[in-house]
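Shown next, in structure tokens, is the structure this report addresses.
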Amino acid sequence: MAALLRHIGGTVVGAAPLAVAFACAPSFTMLWSVMRVATAPLPIRVFERCDVVLYDLYQSFVSFFYEHWAGVRLVFHGDVLPSSAQAATIVPLTADGTKPLLEVQAHGAAAVGNAGAASAAATATAATGAPEAENVLYMSNHQCAADWVMVDLIALRHGALGRIRYMMKRSLRLLPLYGWYFAMHSCVFVRKNWNHDQRGLLVVLDRFRSRNMPIWLVVFPEGTRFEPTQKPAILERSKLYCAERGWPQFEQVLPPRINGFRGCVNGLRNHIDAVYDVTVMYSTSNDLASGRTVRDRTPSMLDLLARRYKRIDIHIRRHPVEALPMSDEGIEQWLVDRFQEKNNRIKSFLENGTFAIPEDEHATFVLPQLVREERVNPWRTFFKSVLLVATLVPFVALEKGRKILFYFCTVGTLAGMAVSSRY
Ligand SMILES: *[C@@H]1O[C@H](CO)[C@@H](O)[C@H](O)[C@H]1NC(C)=O
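Counting in full-length UniProt numbering, the sequence shown runs from 1 upward without gaps.
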């Protein structure tokens, strides 16, 4: 009974910010539309600049709740990204909590310092003096609907919220208001069929380059979610797929799809600084029967906001774009190697509690053991959240506002769908 009440309470606590986020969608997209019209006579880069600022506004609101309301600890492993300076307070951790190692990663070259046990409680911010975020092709394992929230929380730490664009499945273009807005924000819709997807992808990549747009282009190369608690059927198919191609077998991730990723690398090689390879682990528990550590069910967006997850571990490896092969076969092999690493990292995490793997010994610019909690100052996102909610006020408080809102919701949604259905 108590558990049930707690569950219901949690759902209410989690649903409240979600409801406000959805409620702000019409007034926000209206604001965006006004901006679009106002910037129409000006050079296109003015519009692109404003678009980034507005995307940052909405996602700051989203991030505020996932960062602070959800009460989840975010523990980072691997590379400290070059733009960390402006963002987060970094608290070094070790698995046993005794010997914190503080390493500050400067752009490209390592600057490593042992903070010693005495400063266990001390916090430090990375002072690398490289505050601008990079242009990035961002790839991650894909497990659940909350994965895009993780992109937000990482981008928040690097001043990159406004530059996030997704490669997303084509059906999402029909989401009311959001689908249209994603299209306007230069997201790419794909149906996982290269013959169909190629043209649309090239159009958007070309736009990124020709307008010199700031990007974190997010791709989930697995192409579909891999829910770790429902593995068998999907793993059987994955086995066949890998065997056909002479690839290694994966158990903790799905085999990557090559074409979309390769298209992005080829199209963006002169525009991006790096590829970020991100591995997310939501939570694990001990399986009593086998005595092993196993991955738990992944969270929904509501689960996180309802404070049902305590800690999320995220591994990031930064690959400078120069490190990527030039040939098509080379890129394929490179991606398969990254997924094999990802697979091994997750296995290592389950078996040994660390993402470190032997392959990492070859990484020249970072120590893979670096584990740290990164906390963000709430004020960073709070004011923007207030600003976003404020856009809603005239439409709720005024009779006329409510009418406009109603028409925008109905007519705007249909018009938006009509536009985005052509993508
Ligand atoms: C766990 O650690 C042991 C000892 O260092 C190592 O031999 C083993 O390969 C590790 N497991 C994984 C999955 O990396």
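We treat Cβ as the ideally placed atom computed from N, Cα and C, and that holds for glycine.
* Where does residue 169 sit, in a helix, a strand or coil, going by DSSP? -> strand
* Would you list the residues whose beta-carbon is nearer than 7 Å to any heavy atom of ligand 1, in the order they occur in the chain? => 344, 347, 348, 351, 352, 357
* **As assigned by DSSP and simplified to three states, the class of residue 229** => coil
* Determine the closest residue to residue 189 out of 46, 79, 218, with distance taken between C-alpha atoms. => 218
* Leaving aside the five residues before and after residue 44 along the sequence, list all residues of the same chain whose C-beta is less than 7 Å from its C-beta, in chain order. => 211
* Asked: Under 9 Å, do residue 416 and residue 69 count as touching if we go by C-beta distance?
  -> no
* residue 278 bridges to which residues according to DSSP? -> DSSP, once it has assigned bridges, lists 140, 316 as partnering residue 278.
* Asked: Going by the CB atoms, is the gap between residue 141 and residue 253 shorter than 9 Å?
  -> Contact: yes.
* **Close beta carbons around residue 318, own chain, < 7 Å, minus the five adjacent residues each side** => 79, 81, 274, 276
* To do: Kindly identify the DSSP beta-bridge partner or partners of residue 371.
  => 77, 93
* **residue 122 burial status per 10 Å Cβ neighbour count (16 or more: buried)** => With a pLDDT of 28 at residue 122, under the threshold of 50, the predicted position of this residue should be treated as unreliable, and no value is reported.
* Of the residues 372, 342, 57, 17, which one's Cα is nearest the Cα of residue 220? -> 342
* Asked: What is the DSSP secondary structure of residue 88, reduced to helix, strand or coil?
  -> strand
* **Nearest candidate by alpha-carbon position, reference residue 425, set 66, 421, 261, 406** => This structure does not reach residue 425, given that the chain is present from 1 up to 423, and the question cannot be answered.
* Do you know how far the Cα of residue 227 is from the Cα of residue 106? -> At residue 106, the pLDDT of 35 sits below 50, so the modelled position is not reliable and the matter cannot be decided from this model.
* Asked: Who does residue 152 pair with in a DSSP beta bridge?
  -> According to DSSP, residue 152 bridges with nothing at all.
* Own chain residues within Cβ distance below 7 Å of residue 287, not counting five before or after -> 294
* Asked: How far does the alpha helix (DSSP H) with residue 204 in it reach, from first residue to last?
  -> 194–210
* To do: Could you tell me if residue 383 is buried or exposed, where buried requires 16 or more neighbouring beta carbons within 10 angstroms of its beta carbon?
  => By the 16-neighbour rule on beta-carbons within 10 angstroms, residue 383 is exposed.
* To do: Have a look at 223, 90, 328, 259 and flag the residue whose alpha-carbon is nearest the alpha-carbon of residue 144.
  => 223
* To do: Taking only the alpha-carbon atoms, compute the straight-line gap between residue 15 and residue 4 and give it to the nearest angstrom.
  => 16 Å
* Can you pull the DSSP bridge partners for residue 311? -> 73
* **Nonlocal neighbours in the same chain, by C-beta distance under 7 Å from residue 357, ignoring five residues either side** => 341, 344, 345, 348
* Quick one, are the C-beta atoms of residue 90 and residue 374 less than 9 Å apart? -> yes
* Asked: With distances taken from CA atoms, which of 313, 323, 335 is nearest residue 263?
  -> The option with the nearest alpha carbon to residue 263 is 335.
* To do: Starting from residue 51, follow its DSSP beta bridges and name the residues at the other end.
  => In DSSP, residue 51 forms no bridge with anything.
* Report yes or no: do the segment 172–179 and the segment 305–325 share at least 3 C-beta pairs separated by less than 8 Å? => Cβ pair count under 8 Å is below three, so no.
* Asked: Does the separation of the CB atoms of residue 282 and residue 146 fall below 9 Å?
  -> yes
* Same chain, Cβ closer than 6 Å to residue 409, five either side skipped, listed in chain order -> 26
* Which value, in whole angstroms, describes the spacing of the CA atoms of residue 419 and residue 56? -> Taking the straight line joining both Cα atoms gives about 23 Å.
* Asked: According to DSSP, which residues form a beta bridge with residue 284?
  -> DSSP output for residue 284 lists 295 as bridge partner(s).
* Tell me whether residue 230 is buried or exposed, calling it buried when 16 or more other Cβ atoms sit within 10 Å of its Cβ. => exposed
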